[in-house]
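Trainee:
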Amino acid sequence: EVQLVQSGAEVKKPGESLKISCKGSGYSFSSYWIGWVRQMPGNGLEWMGIIYPGDSDTRYSPSFQGQVTISADKSISTAYLQWSSLKASDTAIYYCARRRGYSYGDYSMDVWGQGTTVTVSS
Amino acid sequence: QSVLTQPPSASGTPGQRVTISCSGSSTNIGSNPVNWYQQLPGTAPHLLIYSNDQRPSGVPDRFSGSKSGTSASLAISGLQSEDEADYYCAACDDSLNGQEVVFGGGTKLTVL
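Going down the list, the protein sequences come from chains A and B.
Here my numbering is used: the first residue of the first sequence is 41, the next is one more, and so on.
Here my numbering is used: the first residue of the second sequence is 2, the next is one more, and so on.
In structure tokens, the structure reads:
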């Protein structure tokens, strides 16, 4: 079964660092792009960026460039999303998702992780 | 303010046909395929329609998508109670910074 399994919920204080993970299984992890999507409480979906685990080619949404770091370790089929200094406004559910294909402009995401809830509060 | 525009809500009775619109521009919907996601309450989104009108395996044929110019639509026929969810359209946007995925604000579908 193709799946993405994300790390568990986190409760952090402002200013702390955090790294959450997304582990793929059931397919060739290195060969598919993995994207990250934010959903703030009661809000819609926001695109953060995407990484190709095969060579770590990474593209960030301008809204998140410099705010987070996306990385991957293909040897353990895991992608990461990290913050160096969390803010209360980072409180959200974060989803990883697999890009279905490679065609130009085709960013359909066909497999989603279950989401990681991050709560930042003093 | 989302790049793609969807109505915030839609509703219908069981058995009815409902459509949800998604409006964009020449740099996103006008240039790239549209995808639709369904998010059931308390769960992760999942892909409902890709490449404008294609259904992944397992998605009932009650769900259909279409695109014309800079707008797209999702149609749900034979509405069922389990269709009550949030629906999001998405497309790649060819911005100055390269390609970026943009989402609609989401449409909350209520089955009356």
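C-beta atoms are modelled at their ideal positions from N, C-alpha and C, and glycine is treated no differently.
Mind checking the region 134-152 of chain A against chain B and listing, in chain order, the residues whose C-beta falls within less than 9 Å of any C-beta there?
Mentor: From the region 134-152 of chain A, only Tyr135, Ala137, Arg140, Gly141, Ser143, Tyr144, Gly145, Asp146, Tyr147, Ser148, Met149, Asp150, Val151 and Trp152 have a Cβ closer than 9 Å to chain B.
Trainee: Measure the Cβ-Cβ separation of tryptophan 152 of chain A and alanine 132 of chain A and say whether it is below 8 Å.
Mentor: For tryptophan 152 of chain A and alanine 132 of chain A, no; Cβs fall outside 8 Å.
Trainee: My assumption, with CB atoms under 8 Å, is that phenylalanine 104 of chain B sits in contact with leucine 85 of chain A. Please give the rounded CB distance.
Mentor: That pair is a contact at about 5 Å.
Trainee: Taking just the CA atoms, how far does glycine 141 of chain A sit from aspartate 95 of chain A?
Mentor: Between aspartate 95 of chain A and glycine 141 of chain A, the C-alpha separation is close to 17 Å.
Trainee: Determine, for leucine 85 of chain A, whether the minimum Cβ-Cβ distance to residues of chain B falls below 8 Å.
Mentor: Closer than 8 Å: yes.
Trainee: Can the beta-carbon of serine 1 of chain B be found closer than 8 Å to that of leucine 113 of chain B?
Mentor: Residue 1 of chain B cannot be examined here, being either before or after the span of chain B that is shown, 2 to 113.
Trainee: Do serine 111 of chain A and serine 65 of chain A have their CB atoms nearer than 8 Å?
Mentor: Contact flag unset, no.
Trainee: In the DSSP assignment, the beta strand (DSSP E) including lysine 127 of chain A goes from what residue to what residue?
Mentor: Looking at the DSSP string, lysine 127 of chain A is not in any beta strand (DSSP E), and its letter there is neither H nor E.
Trainee: Starting from aspartate 87 of chain B, trace the beta strand (DSSP E) both ways and give me its first and last residue.
Mentor: Element bounds for aspartate 87 of chain B: 86-96.
Trainee: Could you check which residue in B:Pro8, B:Asp95 and B:Val4 has the C-alpha nearest to that of aspartate 87 of chain B?
Mentor: Ranking the options by Cα distance to aspartate 87 of chain B, first place goes to B:Pro8.
Trainee: Tell me where the beta strand (DSSP E) around lysine 109 of chain B begins and ends.
Mentor: Start and end: 108-112.
Trainee: Mapping DSSP to helix, strand and coil, what is lysine 114 of chain A?
Mentor: Lysine 114 of chain A falls in the helix class under three-state DSSP.
Trainee: Please confirm whether leucine 48 of chain B has its beta-carbon closer than 8 Å to some beta-carbon of chain A.
Mentor: Chain A, which has a Cβ nearer than 8 Å to the Cβ of leucine 48 of chain B, makes this yes.
Trainee: Leaving out the 5 sequence neighbours to the left and right, which residues in its chain are closer than 6 Å to valine 51 of chain A when beta-carbon positions are compared?
Mentor: Only Thr159 meet the Cβ criterion.
Trainee: With a cut-off of 8 Å on the beta carbons, I'd call alanine 73 of chain B and asparagine 29 of chain B a contact; round off their distance for me.
Mentor: In fact, because the Cβ distance is near 10 Å, the residues do not count as touching under 8 Å.
Trainee: Please decide whether glycine 155 of chain A counts as near chain B, where near means a Cβ-Cβ distance under 8 Å.
Mentor: At least one chain B Cβ lies under 8 Å of glycine 155 of chain A.
Trainee: Alpha carbon to alpha carbon, how far is threonine 168 of chain B from tyrosine 135 of chain A?
Mentor: What is shown of chain B runs 2 to 113, which leaves residue 168 of chain B out entirely.
Trainee: Sorted by chain position, which residues of the same chain lie with C-beta nearer than 6 Å to threonine 98 of chain A's C-beta, five sequence neighbours on each side aside?
Mentor: Same-chain partners within the cutoff: Ile91 and Ile110.
Trainee: Report, in whole angstroms, the separation of the C-beta atoms of tyrosine 120 of chain A and lysine 59 of chain A, which I expect to be a contact under 8 Å.
Mentor: Confirmed, Cβ separation roughly 5 Å.
Trainee: Taking Cβ-Cβ distances shorter than 8 Å, what residues in chain B pair up with arginine 99 of chain A?
Mentor: Here the neighbours are Gly99, Gln100 and Glu101.
Trainee: Between the C-alpha atoms of proline 34 of chain B and serine 52 of chain B, what's the straight-line distance to the nearest angstrom?
Mentor: So the alpha carbons of these two residues sit roughly 5 Å apart.
Trainee: Do we get a CB-CB distance below 8 Å when we pair phenylalanine 1 of chain B with the residues of chain A?
Mentor: Residue coverage of chain B in this structure runs from 2 to 113, which leaves residue 1 of chain B outside it and unanswerable.
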